[in-house]
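According to this note's numbering, the sequence shown is numbered sequentially starting from 8. Glycine included, every Cβ here is placed at the ideal spot set by N, Cα and C.
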Amino acid sequence: MTTPSILILAGDGIGPEVMAEVRKVIDWFGTQGHAFEVEEGLVGGAAYDAHGTPLTDETMERAQSVDAVLLGAVGGPKYDALDFSVKPERGLLRLRKEMDLFSNLRPAQCFDALADFSSLKREVVAGLDIVIVRELTSGVYFGEPRGIFKEGNERVGINTQRYTESEIARVARSAFELARRRRNKVCSMEKANVMESGILWREVVTEVHAAEYSDVELSHMYADAGAMQLCRWPKQFDVIVTDNLFGDLLSDAAAMLTGSLGMLPSASLGAPMENGRPKALYEPVHGSAPDIAGQGKANPIACILSFAMALRYSFDLGEGAARLEAAVETVLADGARTADLLGPEGGTAISTAEMGDRIVAALSA
Ligand code: NAD
């Protein structure tokens, strides 16, 4: 078997700091018989500084050919005045677009030790482990016609919600596949009560389920009711699949159930490659945090948990992923906190590197 390959694009701000801790975790897996071929490249402002573009064609090509891309974060005030076409975010958008990453996975996982961080009651969120699958490349953010037009004496703003059957079917498959590796439950959310695109969404998800995934438990919910249920009793869900717009809102709401931005991983998946693995980009949800960059204050857990997702969804190493998540849980239960995880009562923060070291130590224990 060939060694699985990873392209690391650490990016800007705290990106390289948190990615250094992921490297320690990757090296640890190497000592356990799971070696990875790792190469590094530039993205965002770092790529602009070196090459005058936020993503070179060579790096794009590498991203297309490796088994998984791990990205840190891009952007920062230094690049705010750049032309739109070379802004750091364009590098990330190019990766997502050219790799055709249509399925965005945002887990909301609440570690017991951090349950008091949530705005909801401890018993509602402790032990929470759900994933929102958001369709990422179509829907109302892309549909035509769009624009601001003149209509008589006033202007009218138009966006179009548009989904083809195949776009719905492929993200539905992605959600069902994911559920099979988890607790085998999918809840599909749309607004079939008021939107034709929602009616089609529900029909196609139901058809794909009946034809290919009848072993998975499927339910449907209107997205507004889903939002209420996410706040009332989120543990009822396993995998939620929804469109681009509702997914944008629901995944942010679900993420906040769990507390800090420094804890949130994500994955964006595309179609399977020749080797059966999906095209994949893993990245923390947070940005480059220029306010704390270079100070050793960043929480590396979001990036480390993004690598755990890579282990599970790109490399079929579910046990390794669970072990890594358990190591994070242990370290948090022992009271280790980066500055962002200190509650109002304060305490002593450990550095980015120390958090990484402790997680690696917990993996070995
Ligand atoms: P941000 O996520 O970078 O930071 C928001 C706040 O959360 C800051 O106070 C920051 O210190 C804190 N924070 C974020 N990650 C943290 C971590 N791992 N540990 C501890 N604290 C953490 O969002 P922002 O300030 O709105 O944006 C900063 C820059 O990042 C901008 O240039 C923005 O465009 C870019 N950005 C990039 C991405 C990405 O690369 N995917 C996402 C969002 C923002």
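- Inter-residue distance for A234 and A260 is about 8 Å (C-alpha atoms, whole angstroms).
- V138 is positioned such that its CB atom lies closer than 8 Å to that of L112.
- In the structure shown, M26 adopts helical secondary structure according to DSSP, grouped into three states.
- Shown here for T10: same chain residues with a beta carbon closer than 8 Å to its own, the five before and five after excluded, namely A42, F43, E44 in chain order.
- Relative to the ligand NAD, the nearest heavy atom lies less than 7 Å away from the CB of G294.
- Per DSSP, reduced to three states, the secondary structure at L143 is coil, with no helix or strand assignment.
- Here S267 carries a coil assignment [DSSP, helix/strand/coil].
- Under DSSP, D136 shares a beta bridge with Q116.
- Excluding residues up to 5 positions away in sequence, R97 lie with their Cβ nearer than 8 Å to the Cβ of F91 in the same chain.
- In the DSSP assignment, V212 falls within the unbroken alpha helix (DSSP H) covering 203-219.
- For L135, same chain residues with a beta-carbon under 8 Å away, outside a window of 5 residues either side, are A115, Q116, C117, P241, K242, L264, T265 in chain order.
- Looking at the DSSP output, F156 sits in a beta bridge with V163.
- In this structure E184 is not in contact with V211, their Cβ atoms being roughly 16 Å apart against a cut-off of 8 Å.
- Annotation: the continuous beta strand (DSSP E) that includes S226 extends over 224-229.
- In this structure, the CA atom of A182 is about 46 Å from the CA atom of N160.
- At least one heavy atom of the ligand NAD lies less than 7 Å from the C-beta of P297.
- Between the segment 16-34 and the segment 305-318 there are three or more C-beta pairs closer than 8 Å, enough to call the two in contact.
- DSSP, reduced to helix, strand and coil, places G18 within a strand of the structure shown.
- Proximity of the beta carbon of E46 to the ligand NAD is not indicated: no heavy atom of the ligand is located closer than 7 Å.
- The distance from the Cβ of R209 to that of D245 is about 19 Å, inconsistent with a contact at the 8 Å cut-off.
- Within the DSSP secondary-structure output, A274 pairs in a beta bridge with L112, Y289.
- Checking the 7 Å criterion, the Cβ of T355 is out of range of every heavy atom belonging to the ligand NAD.
- In this structure, T249 lies near M196, with their beta-carbon atoms less than 8 Å apart.
- Counting only runs of 4+ residues, the alpha helix (DSSP H) found wholly inside the segment 23-68 occupies 52-58, in chain order.
- N306 places its beta carbon 8 Å or farther from that of D341.
- Between the segment 325-334 and the segment 272-286 there are fewer than three inter-stretch CB-CB distances shorter than 8 Å, so the stretches are not counted as touching.
- Counting C-beta atoms within 10 angstroms of its own C-beta, I155 has fewer than 16 neighbours from the protein chains shown and is therefore classed as exposed.
- Residue T167 holds the alpha-carbon nearest to the alpha-carbon of M202 among R177, T167, S221, R180.
- The Cβ atoms of T359 and E28 sit closer than 8 Å to each other.
- Note: P279 is bridge-paired with P285 in the DSSP secondary-structure output.
- In the displayed model, T171 falls within coil according to three-state DSSP, outside both helix and strand.
- The continuous alpha helix (DSSP H) containing T337 extends over residues 325-340.
- Put simply, of I366, D74, A54 the residue whose alpha carbon is nearest the alpha carbon of D323 is D74.
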